[in-house]
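Written out below as structure tokens is the structure these notes cover.
There are 2 protein chains.
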Amino acid sequence: MEKLGSQTIRFNNPPSILDCNSIVGPKEADGPLAKYFDKTLEDEFWGEKSWEKAESKIIKENVNMLISKSGISVDQIDCCFAGDLLNQCISSSFGLRESNIPFFGVFGACSTFVESMSLGAICCEGFAQNVLCATSSHFCSAEKQFRFPLELGNQRPQTSQWTVTGSGAVILSKNGPGPYITHITPGKIVDMGIKDANNMGAAMAPAFVNTLITHFLDTGRTPEYYDGIFSGDLGYVGKEIAIDIAKSQGYDIKPNYDDCGVLIFDKDKQDTHAGGSGCACCGTVFSGYLYKLMKERKLNKILLIATGALMNSTSSQQGESIPGIAHAISIEL
Amino acid sequence: MEKLGSQTIRFNNPPSILDCNSIVGPKEADGPLAKYFDKTLEDEFWGEKSWEKAESKIIKENVNMLISKSGISVDQIDCCFAGDLLNQCISSSFGLRESNIPFFGVFGACSTFVESMSLGAICCEGFAQNVLCATSSHFCSAEKQFRFPLELGNQRPQTSQWTVTGSGAVILSKNGPGPYITHITPGKIVDMGIKDANNMGAAMAPAFVNTLITHFLDTGRTPEYYDGIFSGDLGYVGKEIAIDIAKSQGYDIKPNYDDCGVLIFDKDKQDTHAGGSGCACCGTVFSGYLYKLMKERKLNKILLIATGALMNSTSSQQGESIPGIAHAISIEL
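Listed below in structure tokens is the structure:
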């Protein structure tokens, strides 16, 4: 691998995505992408006594399904990158504690899925034959932790997003038939001073554009190079802001850009306001939907940029603004 | 780099530790290692209005001090790995939001420092010239978040540990005069069913021994190979358990093994019970103390194994046990 420009890494032997798997909750199973997900749940608990335990079960079973169908055994997986939104990332550590795979915990908020794949790809070009990357989020555990008890039935502002319940997971391999991770552009933290914790799209959009344009400058590529550019969870509000900022900097991304948080729910029928969010938004939309489109050759080159808001409820209560981050990966056939 | 045995990675061009820096709080400045730390604080707030903001300032200023004295500029640092104990790792993301360095957030609880150095070393043998690794913890922010309000003045059990206030940071470089990171052994999650959140040493000791013995089996080395084996924060209780478990499995580590949490405080004079803990325990003891001993050739080969308890207060309240993890790095001259 080698550095390209200021922030991008180009792989000389691009790691192949061996397989993906996705599990989603009942709300996602009512959405427009329902048929693409590998498993859909009928309720938010899945037989567990708490939402946190349910989220752990979701990532655990998703990883088990993925390993089963991948055709490789657990001891052929050199290491695992995983993280989630729960305090101290307990969904991942409890979900994967019986996995018996060397474990690197990562935290990039909703950018975690692409952060994991970026680090996994670096390992594959280094020492690893196979690397597992997994993430999860859960609407109920996230609302409880970041906002208000669900039992209150609070009204949600139109700029707020709906945390996706689910898990996305991939296995990357040193060799394989593709699709390949050809480049990664790890992002810098960008904080433009947004303080509204009910408008994450606005807080994260500047980080998205920063990484996007850095990727273009580093690689010499333009938006047209890609069949699709997908952000992780900017939602309707952040998507429009991102298009505007990119345009003001000379990049017209509108024709081939969309957002996983926009794709996963039907805004009009599902009352999800500004769209989906959470680690599992990008994770399930890629693992369930985009990966399948690539395997069917309906998409051949995509740029996946997951965005994260690096805050917690204490930082908001203490008057802090919301730092954003965005990590990009080029996935090509 | 190449895989050695089941879990270890050996570097063909071992990354060099270019420099380290450490800042600690007032309690640590009263302890036996005081003279080794680069900066000591007079109070827990450092002019900030909250403990969380103070912790962010500590990691920020520690990284600034490190970069200043390292002789390299920010734009020569290819990426940064950082994490901490606060929910959603806000100490790192707020502390480093102005750093202008591509940022990978990691979460390994108190194993974060060695996890960061492990991933940094992989990047150095890959694409990076220089990688920054940083972590922090803070006694007051940790007590407030994980245990009880400090104002309550709760009694602490004798098995409880004292979270280190401070930050440790290192810059790893592709080339340099050493000390070198020659091997890493990333750990698996180990959960032996311990549920006492006031006895982290007992919860983490099995993970420590698991990684330790895996490292010996993978490399063919024995405890005597190292001038010193150091765990991150098992404390007095965990240290004794670790020695016992290792002995039961045929490894006598007692002669050359110690724990950073044992070294950093004077148990009798400082009322710190089972010893130090937190991401900054291993981080400051390595950056402040062990690194200097290596530069002075008082230690030539060490094995640093940081341990983490991958739980949160919700998981304990829901009756879960405490999964542990331990990551090891060999540092040699």
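Residue numbers (our numbering), protein chains in the order written: chain U, -12 to 320; chain V, -12 to 320. Every residue gets a Cβ at the ideal spot worked out from N, C-alpha and C, and that includes glycine.
For residue i and residue j, I'd like the C-alpha separation in whole angstroms.
i: G174(V); j: W33(V); result: 35 angstroms
i: T327(V); j: Q305(U); result: Residue 327(V) is absent from the model: chain V starts at -12 and stops at 320.
i: A69(U); j: F24(U); result: 20 angstroms
i: I316(U); j: C76(V); result: 23 angstroms
i: N(-1)(U); j: N(-1)(V); result: 18 angstroms
i: T339(V); j: E31(U); result: Chain V is shown from -12 up to 320; residue 339(V) falls before or after that span and cannot be answered.
i: A96(V); j: S123(V); result: 11 angstroms
i: R134(V); j: P1(U); result: 46 angstroms
i: T209(V); j: L(-9)(V); result: 15 angstroms
i: E104(V); j: C120(V); result: A quick correction: the sequence has Met, not Glu, at residue 104(V). Their Cα atoms are separated by approximately 6 angstroms.
i: P310(V); j: M(-12)(U); result: 35 angstroms
i: V335(V); j: N243(U); result: Outside the displayed span of chain V (-12 to 320) sits residue 335(V), for which this structure offers no information.
i: G18(U); j: I181(V); result: 42 angstroms
i: E42(U); j: T206(V); result: 37 angstroms
i: E130(U); j: D62(U); result: 37 angstroms
i: G222(U); j: D239(U); result: 18 angstroms
i: K241(U); j: L250(U); result: 15 angstroms
i: A194(V); j: A313(V); result: 5 angstroms
i: E39(U); j: S128(U); result: 6 angstroms
i: S303(U); j: L28(V); result: 26 angstroms
i: I46(U); j: S235(V); result: 35 angstroms
i: I59(V); j: F90(V); result: 18 angstroms
i: K256(U); j: G140(U); result: 19 angstroms
i: G237(U); j: I64(U); result: 43 angstroms
Secondary structure at residue i, three-state DSSP: helix, strand or coil?
i: K175(U); result: coil
i: V151(U); result: coil
i: I292(U); result: strand
i: G95(V); result: strand
i: G222(V); result: helix
i: H170(U); result: strand
i: F(-2)(U); result: coil
i: E48(V); result: helix
i: T259(V); result: coil
i: F217(U); result: strand
i: E35(V); result: coil
i: H125(V); result: coil
i: I318(U); result: strand
i: S9(V); result: strand
i: G70(V); result: strand
i: E(-11)(U); result: strand
What does residue i touch in chain V if you count any residue whose Cβ is under 7 angstroms from its own?
i: C66(U); result: P173
i: D178(U); result: R84
Figure out for me which residue from the options has the closest Cα to the Cα of residue i.
i: A16(U); options: S303(U), V272(U) and I318(U); result: V272(U)
i: D352(V); options: D258(V), K254(V), I230(V) and T259(V); result: Nothing in the structure corresponds to residue 352(V), since chain V is present only between -12 and 320.
i: D258(V); options: L291(V), Q148(V) and I292(V); result: Q148(V)
i: E48(U); options: K56(U), G82(U) and L73(U); result: G82(U)
i: K226(U); options: T146(U), C120(U), Q(-6)(U) and S154(U); result: T146(U)
i: G248(U); options: Q236(U), C266(U) and P144(U); result: C266(U)
i: L159(U); options: V151(U), T169(U), G153(U) and G92(U); result: T169(U)
i: G188(V); options: P144(V), A156(V) and D205(V); result: P144(V)
i: S274(V); options: R(-3)(V), I4(V), S(-7)(V) and G163(V); result: I4(V)
i: L320(V); options: G237(V), V11(V) and E283(V); result: E283(V)
i: V151(V); options: A190(V), P193(V), F91(V) and L72(V); result: L72(V)
i: G270(U); options: Y213(U), K40(U), V50(U) and T(-5)(U); result: V50(U)
i: Y213(U); options: H125(U), L291(U), M191(U) and N74(U); result: L291(U)
i: T201(U); options: Q132(V), A115(V) and I88(V); result: I88(V)
i: R(-3)(U); options: C7(U), C111(U) and F217(U); result: C111(U)
Which chain U residues are close to residue i, counting only those with a beta carbon under 8 angstroms from its beta carbon?
i: E39(V); result: T301, S302 and Q305
i: M(-12)(V); result: G113 and F114
Applying a beta-carbon distance threshold of less than 9 angstroms, which residues of chain V neighbour residue i?
i: I251(U); result: Result: empty, since nearest Cβ-Cβ is about 23 angstroms, beyond 9 angstroms.
Residue i versus chain U: which residues are under 7 angstroms apart at the beta carbon?
i: C76(V); result: F94
i: G70(V); result: F94
| request: May I ask you to list, following chain order, the residues of the segment 101 to 119 of chain U that have a beta carbon less than 7 angstroms from some beta carbon of chain V? | output: E102, L106, I109, C110, E112, G113 and F114
| Listed from N- to C-terminal order along the chain, which residues in the segment 296 to 313 of chain U have their beta-carbon within a distance smaller than 8 angstroms of any beta-carbon of chain V? | L297, M298, N299, S300, T301, S302, Q305, E307, P310 and I312
| Short-range partners of chain V found in the segment 81 to 95 of chain U, where Cβ spacing is below 9 angstroms | F81, L83, R84, E85, S86, N87, I88, P89, F90, F91, G92, V93, F94 and G95
| task | Compile a chain-ordered list of the residues in the segment 23 to 34 of chain V whose CB is closer than 8 angstroms to at least one CB of chain U. | result | none
| request: Please name the residues in the segment -6 to 18 of chain V whose beta-carbon is closer than 8 angstroms to at least one beta-carbon of chain U, in chain order. | output: Q(-6) and I(-4)
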